[in-house]
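Taking it in order: structure first as structure tokens, then the write-up.
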Amino acid sequence: MTSPAARPARKAVIPVAGMGTRFLPATKAVPKELLPVVDRPALEYIVEEAARAGLPEVLMVTGRNKGAIEDFFDRTPELETALEKKGDAGRLAAVRASTELAHVHFVRQGEAKGLGHAVLQAAAFVGDEPFAVLLGDDLIDARDHLLEHMLAVQAEHGGSVIALLDVGRENIDKYGAVAIEPGNLSVVEGDEVVRVTGLVEKPPIDEAPSSLAIIGRYVLASTVFDVLRDTPPGRGGEIQLTDALATLVERGEPVHGVVFSGRRYDTGDRLDYLKAVVRLASERDDLGPPFASFLREFVAQLPHEGASPS
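This is how it looks when you write it as structure tokens:
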């Protein structure tokens, strides 16, 4: 086994260069990462998660037409002054929160060549340290400490760590899938830790090595950059991070998985995005009670399944 990393991860990389085609026409002008989940952009939740896990340096890998993301994480003196004059301390704090979560940096991907290519743009920022990658489509509930668990596993075992979710055999062709050694190495607050022996991007259902899918959290060794530089385009003609991780496994570098058992909200899909908004709004102290009351009344008025419309 490779010895654990000498230094803990301190940096996070968030790829945000995607075009957001599933949310057109809204994303024609607004980056999908800034679409509100209740009253905060999905991306603010992601940066908050990184900061909470002890990663104060964040690099966002952007693309063309994503300048609004940089604006969101910048100060807005005119707006702040207006709120101060109104005595609106609550909204003032909310506006400033995004600028105070972490030290946020930006780099452009230039060409849309896939997730692996986006991660490669972070090489100079990361250096030779382990680092986290957080995808903005996956929101992990703040009460579930998936990223913290992954960082602890990486610190103990070295190498790279990926987040896994059992999505069922019928859905595995939509994800990167993994093969694992039988049994688990340990359990951290309900999340199993397993050793990964193989990875494949979006395999046919009958060829998938398991029903364990890779979801949008990674803690990677910096050796992944050298592999990514030599990784040819794979599925979809893009440089796949999954392919680079498969190469690391073939070379004998440790790759572990944390099988997540908590609450995850997929904001990259329209239906799941709506579910995430409803769930998070329902749990808010300020919105939850009246919103839940509305939902009960609304659902009660819906026609029952199979009933004829009036």
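By the UniProt record's numbering, the letter at position 131 of the sequence shown is numbered 131, and the numbering carries on one by one without gaps. Virtual Cβ for every residue (Gly too), placed ideally from N, Cα, C.
Taking the Cα of Thr242 as reference, the smallest distance to any Cα among Asp137, Ala281, Gly198 is reached at Gly198. The C-beta of Gly216 has 16 or more other C-beta atoms within 10 Å across all chains shown, which makes the residue buried. Within the stretch 141-184, the beta strand (DSSP E) runs of at least 3 residues that lie entirely inside it are, in chain order, 160-166, 176-180. With a 10 Å radius around the Cβ and a threshold of 16 neighbouring Cβ atoms, Ser160 comes out buried.
Close CB contacts of Leu43 within its chain, under the 6 Å cut and outside five residues either way in sequence, are with Glu33, Gly136 (chain order). The distance from the Cβ of Ile205 to that of Ile180 is about 18 Å, inconsistent with a contact at the 8 Å cut-off.
Look at Lys11 here: in three-state DSSP terms it is strand. Cα atoms of Glu170 and Pro203: separation of roughly 11 Å, rounded to the nearest angstrom. Distances from the CA of Arg143 to each of Tyr45, Gly234, Ala300 were compared; the closest alpha carbon is that of Tyr45. For Ala281, there is no enclosing beta strand (DSSP E); the enclosing alpha helix (DSSP H) has its first and last residue at 270-282. Counting only runs of at least 3 residues, the stretch 184-213 fully encloses the following beta strand (DSSP E) elements, listed from N- to C-terminal order: 186-188, 191-201.
Two segments are said to touch when three or more pairs of C-beta atoms, one from each, lie closer than 8 Å; by this definition the stretch 61-80 touches the stretch 97-116. Around the C-beta of Asp269, fewer than 16 other C-beta atoms lie within 10 Å, and the residue is accordingly described as exposed. Within a 10 Å sphere around the beta-carbon of Gln301 sit fewer than 16 other beta-carbons, which makes this residue exposed. The secondary-structure analysis by DSSP pairs Leu134 across a beta bridge with Arg217.
Around the beta carbon of Arg264, a 10 Å sphere encloses 16 or more other beta carbons of the protein chains shown; the residue is thus reported as buried. Annotated three-state conformation of Glu84 is helix, per DSSP.
Residue range 224-229 is occupied by the alpha helix (DSSP H) that includes Arg229. Here the stretch 237-257 lies against the stretch 104-120, with 3 or more beta-carbon pairs under 8 Å apart. Cβ neighbours of Ala244 within its own chain (closer than 6 Å, five residues either side excluded): Gly116, Val224, Val227, Leu228, Thr231. For Ser210 and Leu92, the gap between their C-alpha atoms comes out near 48 Å.
Distance from Glu80 to Val95 at the Cβ level is roughly 6 Å; contact confirmed, criterion being Cβ atoms closer than 8 Å. Here Phe294 is exposed, its C-beta having fewer than 16 other C-beta atoms within 10 Å. Assigned with DSSP and collapsed to three states, Glu57 falls in strand. Across the set Arg64, Glu148, Val167, Val255, the C-alpha of Arg64 shows the shortest separation from the C-alpha of Pro15. Secondary structure of Val249 (DSSP, three-state): helix.
The Cβ neighbour count for Asp191, taken over all protein chains shown within 10 Å, is at least 16; the residue is labelled buried. Annotation for Phe298: no beta strand (DSSP E) segment contains it, though the alpha helix (DSSP H) segment containing it runs 288-301.
Within the same chain, Leu34 come within 6 Å of Pro41 by CB-CB distance, once the 5 residues on both sides are set aside.
When the Cα atoms are used, Val299 and Ala292 turn out to be separated by approximately 10 Å.
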